[in-house]
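Report on the following structure.
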Amino acid sequence: MVWTTMGFVSPGLGLGGKGNSVAGTAARRGFGLSVNMTIAANTNSVASNSEKEEWASLNTMDALSNEQKYKAMTLPKAENPFSAKYVAFDESDTTEYSLDKVVYRAKNGGLLDVQHDMDALAQHSPSEWKELFDRRSGRTVWPFGSGVWSKKEWVLPGIPNEDVVSMFEGNSNLFWAERFGNEIGMTDLWVKQCGNSH
Numbered sequence: 032m033v034w035t036t037m038g039f040v041s042p043g044l045g046l047g048g049k050g051n052s053v054a055g056t057a058a059r060r061g062f063g064l065s066v067n068m069t070i071a072a073n074t075n076s077v078a079s080n081s082e083k084e085e086w087a088s089l090n091t092m093d094a095l096s097n098e099q100k101y102k103a104m105t106l107p108k109a110e111n112p113f114s115a116k117y118v119a120f121d122e123s124d125t126t127e128y129s130l131d132k133v134v135y136r137a138k139n140g141g142l143l144d145v146q147h148d149m150d151a152l153a154q155h156s157p158s159e160w161k162e163l164f165d166r167r168s169g170r171t172v173w174p175f176g177s178g179v180w181s182k183k184e185w186v187l188p189g190i191p192n193e194d195v196v197s198m199f200e201g202n203s204n205l206f207w208a209e210r211f212g213n214e215i216g217m218t219d220l221w222v223k224q225c226g227n228s229h
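Residue numbers (our numbering): 32 to 229.
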């Protein structure tokens, strides 16, 4: 099993999908960076069998205490810590930049890419990642409920939880706009406040 995820990350503009018009504008100006990562299946997960069993037994989130929920949303310790860095798209430029450094372009003026330590991410199997993200998404355990920070290890792996700034962006609901829909002749209109959704 192989997972591939792609999107657009723009410092100062937040995270958005490839269709996001703000992100698209930034990309045309050359101020953004792209995230493209593929994770292959790893049947030799770093989690011990007892950790896997304990982790898997925490499926009924509603009945858990906040401490138990936090534990259920935290991966077992991996031997190699997760890490990521900025690198230039142009492979002749071997300069690397820390993700916590404010940098918009490579030394040669080109675009930057986020490069993750894929071996570190592959210490956990695709099914563990999927279960982890499912447990976190839309929950109220800080900072994992956000559509962005529920995938913290893939976004900014080294950031301490207490340094995360979030308004639980992403995963926001569509709202039924019946009266507005009637005014414009649409019987089933749903809207989203995009300013709060990504």
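The C-beta atom is built at its ideal place from N, Cα and C for all residues, glycine as well.
On the criterion of 16 or more Cβ atoms from any shown chain inside 10 Å, does residue i qualify as buried, or is it exposed?
i: Ala94; result: exposed
i: Leu205; result: exposed
i: Val186; result: buried
i: Phe120; result: exposed
Here's a check: name, in chain order, each residue in its chain whose Cβ is nearer than 6 Å to the Cβ of residue i, leaving out the five neighbours to either side.
i: Ala151; result: Asn111, Phe113
i: Met104; result: Arg166, Arg167, Val172, Phe175
i: Val195; result: Pro174, Trp180
i: Glu127; result: Lys116, Val118
i: Lys223; result: Leu205
i: Gly193; result: The amino acid at residue 193 is misidentified as Gly; the sequence shows Glu. There are no such residues.
i: Ser197; result: Pro174, Ser177, Trp180
My guess is that residue i and residue j are in contact by the Cβ rule of under 8 Å, so how many angstroms apart are they, rounded?
i: Lys116; j: Gln146; result: 6 Å
i: Leu109; j: Asp124; result: Per the sequence presented here, residue 109 reads as Ala, with Leu not at that position. Going by Cβ atoms, the distance from Ala109 to Asp124 rounds to 30 Å, so no, they are not a contact pair.
What does a CB cutoff of less than 7 Å around residue i pick up in its chain, not counting 5 residues either side in sequence?
i: Trp207; result: Trp221
i: Asn202; result: Ser168, Gly169, Gly178
i: Ser181; result: Phe164, Arg167, Ser168, Phe175
Excluding the 5 residues flanking residue i on each side, which residues of the same chain have their C-beta closer than 8 Å to its C-beta?
i: Leu106; result: Ala78, His155, Glu159, Leu163, Glu184
i: Ser52; result: Caution is warranted here: a pLDDT of 35 is assigned to Ser52, below 50, making its placement in the model unreliable, and no coordinate value can be reported.
i: Asn97; result: Val172
i: Met92; result: Lys100, Ala103, Arg166, Arg170
i: Ser129; result: Lys116, Tyr117
i: Lys132; result: Tyr117
Does any heavy atom of the ligand PLP sit closer than 6 Å to the C-beta of residue i?
i: Leu163; result: This structure lacks the ligand PLP; in fact it carries no ligand of any kind.
Segment contact flag, the segment 134-146 with the segment 193-213, C-beta cutoff 8 Å, min 3 pairs = The segment 134-146 is not in contact with the segment 193-213.
Kindly provide the ranges of any beta strand (DSSP E) runs that are 3 or more residues long and lie completely inside the segment 95-133, ordered along the chain.
-> Fully enclosed beta strand (DSSP E) runs of 3 or longer: 115-119, 127-129.
Could I get the ranges of all uninterrupted alpha helix (DSSP H) runs contained in the segment 155-206, with 4 residues as the minimum, in chain order?
-> Taking only runs of at least 4 residues, the alpha helix (DSSP H) segments lying wholly in the segment 155-206 are 157-167, 183-186.
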